[in-house]
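Asks: Straight run, no breaks: the sequence shown in the numbering used here ends on number 820. Questions regarding the structure given below will be posed in turn.
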Amino acid sequence: MLLKPHTDWSLQDWLIYQEQLHPSTIELGLDRVRSVANRLGLMAAPPITITVGGTNGKGSTTTLLALIYREAGYAVGAFTSPHLYRYNERVAINGTPVDDGALCRAFTVIEQARAGDSLTYFEFSTLAALWLFREARVDVQVLEVGLGGRLDAVNILDADAALVTNIGLDHQDWLGSDRDQIGREKAGIFRSGRVAVIADSKPPSGLLEAAMQIKARVLRRDLGDFRSDRNAREDGDDWHWHGGGCTSPALPRPALTGSHQLDNAAAAITIVQALIPRLPVAWSAIQCALPKLRLPGRMERRGRFLLDVAHNAEAAAALAAYLHDHLGGQPVLWLAGVLSDKPVETIAQALAPVVSQAITCDLPGPRGLSAQALATRLAACGITAQAGGAPGDALALAERQARPDQPILVCGSFLTVAAIAPLIAHD
Numbered sequence: 394m395l396l397k398p399h400t401d402w403s404l405q406d407w408l409i410y411q412e413q414l415h416p417s418t419i420e421l422g423l424d425r426v427r428s429v430a431n432r433l434g435l436m437a438a439p440p441i442t443i444t445v446g447g448t449n450g451k452g453s454t455t456t457l458l459a460l461i462y463r464e465a466g467y468a469v470g471a472f473t474s475p476h477l478y479r480y481n482e483r484v485a486i487n488g489t490p491v492d493d494g495a496l497c498r499a500f501t502v503i504e505q506a507r508a509g510d511s512l513t514y515f516e517f518s519t520l521a522a523l524w525l526f527r528e529a530r531v532d533v534q535v536l537e538v539g540l541g542g543r544l545d546a547v548n549i550l551d552a553d554a555a556l557v558t559n560i561g562l563d564h565q566d567w568l569g570s571d572r573d574q575i576g577r578e579k580a581g582i583f584r585s586g587r588v589a590v591i592a593d594s595k596p597p598s599g600l601l602e603a604a605m606q607i608k609a610r611v612l613r614r615d616l617g618d619f620r621s622d623r624n625a626r627e628d629g630d631d632w633h634w635h636g637g638g639c640t641s642p643a644l645p646r647p648a649l650t651g652s653h654q655l656d657n658a659a660a661a662i663t664i665v666q667a668l669i670p671r672l673p674v675a676w677s678a679i680q681c682a683l684p685k686l687r688l689p690g691r692m693e694r695r696g697r698f699l700l701d702v703a704h705n706a707e708a709a710a711a712l713a714a715y716l717h718d719h720l721g722g723q724p725v726l727w728l729a730g731v732l733s734d735k736p737v738e739t740i741a742q743a744l745a746p747v748v749s750q751a752i753t754c755d756l757p758g759p760r761g762l763s764a765q766a767l768a769t770r771l772a773a774c775g776i777t778a779q780a781g782g783a784p785g786d787a788l789a790l791a792e793r794q795a796r797p798d799q800p801i802l803v804c805g806s807f808l809t810v811a812a813i814a815p816l817i818a819h820d
């Protein structure tokens, strides 16, 4: 029996309630969440809104945009998902995750406005973010799309500018079987006459056709509407953004490593430049923001450990390229945990050239693969794999199996990094 919300509920009580309230974790569609947003007054005169979609790089791009606007002196709300360690990470105001009390207050107001409409866990979090941003009177809010775009809850608002990082094969059960279909869904965050930045180096026709039908003001990386210096090395060299016939002053590299981070940064800067008539930003703010761009679980180094939340083919390929370039050909031991609805074999194929062996761990929940099932599937891909059991046991086995100087890669899911990271000491 579903309990009725109570004024003294903790954040954990609210999250359990939300998980039980809706029969499924995902229900694409905007009618229910838009109705509640209207009752809350969130649709009228929202702050300047930037929406970020795509398959990979959404979190880092959303975070960089929020950093830039904070450095420029604006009050900024950032909504990201999923969280890695704490739910509060999803909703940040001026770089600080909101506290439990603020979230509980928002959930109480949303529950009262719900009036019987069923909301999913993600829809609750989206409305809470928008409500808290309104309460804080932010100047700009940067919203990361959770799934797809067209029917994602953040799309109840008409973004003043929108960005699609790239298109990969992920969430195919919901978004479509190929890049064209997925691209059409992600293009749904664009709006007529408003800036739509496309950072994919080979955007699918479905994305481009949908953007044209929407009549968005499209800026494409592949056509050279904006770009980063591709010859900038990752040893601290400066780089430049180019767009609209202009070139930036020398910019520091993003603190997040990987050559793809320059592409994400260039796309974010393109959004900033397009909105300068409404939100003036000096280049000095961008120069200050880039070295501060860090996200836990994104190519995060802790001694011999490298933690990354890569969980699809494109992210695994980018991670493999980084490992190849930075480890001098030294293979890693992979501490792996992957959900059952992710492309295990494709991820394995991408990582196989840089992996010597894998130790697998159990992941919880109905979507979680057991360590034994994952080890069997990795072995079928030609990777020497051994089931390690629970995350702590798998970590202990990995440390015993790895050579003293061998890096250990922890990746495959947000859940994998979240389980293993607290067990690893910071150097």
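We put the beta carbon where it would ideally sit given N, CA and C, even for glycine. Fair warning: this is a prediction, and the values are worked out from it, not measured in the lab.
By the three-class DSSP mapping on this structure, what secondary structure does residue 490 have?
Replies: Residue mapping note: residue 490 aligns to position 97 of the sequence shown, counting from 1. Looking at residue 490 - three-state DSSP - the assignment turns out to be strand.
Asks: Let's see if you can read the secondary structure: which residues bound the beta strand (DSSP E) around residue 725?
Replies: Within the sequence shown, residue 725 is the residue found at index 332, counting from 1. Looking at the DSSP string, the run of the beta strand (DSSP E) that includes residue 725 is 725 to 729.
Asks: Give the straight-line distance between the Cα atoms of residue 467 and residue 531, rounded to the nearest whole angstrom.
Replies: Walking along the sequence shown from the start, residue 467 turns up at place 74. Walking along the sequence shown from the start, residue 531 turns up at place 138. Cα to Cα, residue 467 sits roughly 8 angstroms from residue 531.
Asks: Any idea what DSSP makes of residue 588, helix, strand or coil?
Replies: Here residue 588 is taken as the residue at index 195 of the sequence shown, counted from 1. It is a strand residue.
Asks: Where residue 578 and residue 425 are concerned, what is the direct C-alpha to C-alpha distance, given to the nearest angstrom?
Replies: Along the sequence shown, read from residue 1 onward, the residue named residue 578 stands at position 185. Along the sequence shown, read from residue 1 onward, the residue named residue 425 stands at position 32. Spanning the two alpha carbons is a distance of roughly 19 angstroms.
Asks: Check each candidate in 742, 817, 495, 664 and name the one with the smallest Cα separation from residue 844.
Replies: There is simply no residue 844 to check, as the chain begins at 394 and stops at 820 in what is shown.
Asks: Can you tell me the Cα-Cα spacing of residue 451 and residue 558, whole angstroms?
Replies: On the sequence shown, position 58 is the one that residue 451 refers to. On the sequence shown, position 165 is the one that residue 558 refers to. Each residue's alpha carbon lies about 7 angstroms from the other.
Asks: Using beta-carbon positions only, say whether residue 751 and residue 732 come within less than 8 angstroms of one another.
Replies: The residue labelled residue 751 in the question sits at position 358 within the sequence shown. The residue labelled residue 732 in the question sits at position 339 within the sequence shown. No; because the gap between Cβ atoms is not below 8 angstroms, this pair is not in contact.
Asks: Let's test the definition: count the other Cβ atoms within 10 Å of the Cβ of residue 647 and tell me whether it reaches 16, buried, or not, exposed.
Replies: As a working mapping, residue 647 is identified with position 254 in the sequence shown. Classification for residue 647: buried.
Asks: Residue 584 to residue 641, Cα distance in whole Å?
Replies: Taking the sequence shown and counting its residues from 1, one reaches residue 584 at position 191. Taking the sequence shown and counting its residues from 1, one reaches residue 641 at position 248. Roughly 27 angstroms separates the two Cα atoms.
Asks: Cutting at 8 angstroms between CB atoms, please list the residues of its own chain near residue 657, excluding the five before and the five after it.
Replies: Here residue 657 refers to the residue found at position 264 when the sequence shown is read from its first residue. The residues are 450, 453, 454, 457, 558, 592, 647.
Asks: Leaving aside the five residues before and after residue 649 along the sequence, list all residues of the same chain whose C-beta is less than 7 angstroms from its C-beta, in chain order.
Replies: As a position in the sequence shown, residue 649 is number 256, starting the count at 1. Only 453, 686, 687, 688, 691, 692 meet the Cβ criterion.
Asks: Which residue's Cα is closest to the Cα of residue 602: 679, 524, 575, 737?
Replies: Here residue 602 refers to the residue found at position 209 when the sequence shown is read from its first residue. Of 679, 524, 575, 737, the residue nearest in Cα terms is 575.
Asks: Please list, in chain order, all residues of the same chain as residue 520 whose beta carbon is under 8 angstroms from its beta carbon, the five residues on each side excluded.
Replies: As a working note, residue 520 is residue 127 in the sequence shown. Cβ within range, chain order: 426, 429, 430, 433, 435, 499, 503, 512, 546.
Asks: Where do the N-terminal and C-terminal ends of the alpha helix (DSSP H) with residue 748 fall, by residue?
Replies: As a first step, residue 748 is located in the sequence shown; it is residue number 355 there, counting from the start. Careful: residue 748 lies outside any alpha helix (DSSP H), inside the beta strand (DSSP E) at 748 to 753.
Asks: Thinking C-beta only, is residue 446 closer than 8 angstroms to residue 582?
Replies: Position 189 of the sequence shown holds residue 582. Position 53 of the sequence shown holds residue 446. Cβ distance < 8 angstroms, so residue 582 and residue 446 count as in contact.
Asks: Since residue 352 contacts residue 412 with CB under 8 angstroms, what's their CB separation in whole angstroms?
Replies: In the structure displayed, the chain extends from 394 to 820; residue 352 sits before or after that span and is not available.
Asks: Just the C-alpha distance for residue 718 and residue 728, rounded to the nearest angstrom, thanks.
Replies: The sequence position of residue 718 within the sequence shown is 325, counting from 1. The sequence position of residue 728 within the sequence shown is 335, counting from 1. For residue 718 and residue 728, the distance between alpha carbons rounds to 20 angstroms.
Asks: Can you tell me which of 561, 659, 538 puts its alpha carbon nearest to the alpha carbon of residue 619?
Replies: Counting from 1 along the sequence shown, the entry for residue 619 is found at position 226. Residue 619 has its Cα closest to that of 659, out of 561, 659, 538.
Asks: For residue 631, which of 811, 643, 802 has the nearest alpha-carbon?
Replies: Taking the first residue of the sequence shown as position 1, residue 631 is located at position 238. Residue 643 is the option with its Cα nearest to residue 631.
Asks: According to DSSP, is residue 760 helix, strand or coil?
Replies: What you label residue 760 is simply residue 367 of the sequence shown in a count that begins at 1. Residue state, collapsed to three classes: coil.
Asks: Using C-beta distances below 6 angstroms, list every residue in its chain close to residue 701, excluding the 5 sequence neighbours before and after it, in chain order.
Replies: Position 308 of the sequence shown holds residue 701. So the list reads 692, 712, 804, once near-sequence residues are dropped.
Asks: Alpha carbon to alpha carbon, what distance is there between residue 683 and residue 653?
Replies: In the sequence shown, the residue the question calls residue 653 occupies position 260. In the sequence shown, the residue the question calls residue 683 occupies position 290. Taking the straight line joining both Cα atoms gives about 14 angstroms.
Asks: Can you tell which of 645, 757, 720, 664 has its C-alpha closest to the C-alpha of residue 677?
Replies: In the sequence shown, counting from the first residue as 1, residue 677 sits at position 284. Closest by alpha carbon: 645.
Asks: Let's see if you can read the secondary structure: which residues bound the alpha helix (DSSP H) around residue 738?
Replies: One-based indexing of the sequence shown puts residue 738 at position 345. 737 to 744 is the extent of the alpha helix (DSSP H) around residue 738.
Asks: When you compare the CB positions of residue 737 and residue 800, do they come within less than 8 angstroms of one another, or not?
Replies: Residue 737 sits at position 344 when you count from the first residue of the sequence shown. Residue 800 sits at position 407 when you count from the first residue of the sequence shown. Cβ atoms of residue 737 and residue 800: not closer than 8 angstroms.
Asks: For the region 764 to 792, list the alpha helix (DSSP H) runs that are entirely contained and at least 4 residues long, ordered along the chain.
Replies: Those alpha helix (DSSP H) runs which fall completely within the region 764 to 792 and span 4+ residues are 764 to 773.
Asks: Taking residue 794 as the reference, which of 778, 612, 594 has the closest Cα?
Replies: Reading the sequence shown from its first residue, position 401 is the one you call residue 794. Among 778, 612, 594, the Cα nearest to that of residue 794 belongs to 778.
Asks: Cα-Cα, which of 552, 614, 443 is closest to residue 637?
Replies: Mapped onto the sequence shown, residue 637 falls at position 244. Comparing Cα-Cα distances from residue 637 to each of 552, 614, 443, the minimum goes to 614.
Asks: Return helix, strand or coil for residue 470, following the three-state DSSP convention.
Replies: Your numbering for residue 470 matches position 77 in the sequence shown. Residue state, collapsed to three classes: strand.
Asks: Hey, residue 760 and residue 734 are a contact pair by Cβ (cut 8 angstroms); roughly how many whole angstroms apart?
Replies: To locate residue 760, count along the sequence shown from 1; it is residue 367. To locate residue 734, count along the sequence shown from 1; it is residue 341. With 8 angstroms as the limit, residue 760 and residue 734 qualify as a contact, their Cβ atoms being about 6 angstroms apart.
Asks: Quick one: what does DSSP say residue 674 is sitting in, helix, strand or coil?
Replies: Residue numbering aside, residue 674 sits at position 281 when the sequence shown is read from its first letter. Note: residue 674 maps to coil in three-state DSSP.
Asks: Per the DSSP calculation, residue 693 is bridged to which residue(s)?
Replies: Position 300 of the sequence shown, counted from the first residue, corresponds to residue 693. Paired residues: 700.
Asks: Where do the ends of the beta strand (DSSP E) carrying residue 613 lie?
Replies: Along the sequence shown, read from residue 1 onward, the residue named residue 613 stands at position 220. That run of the beta strand (DSSP E) goes 610 to 613.
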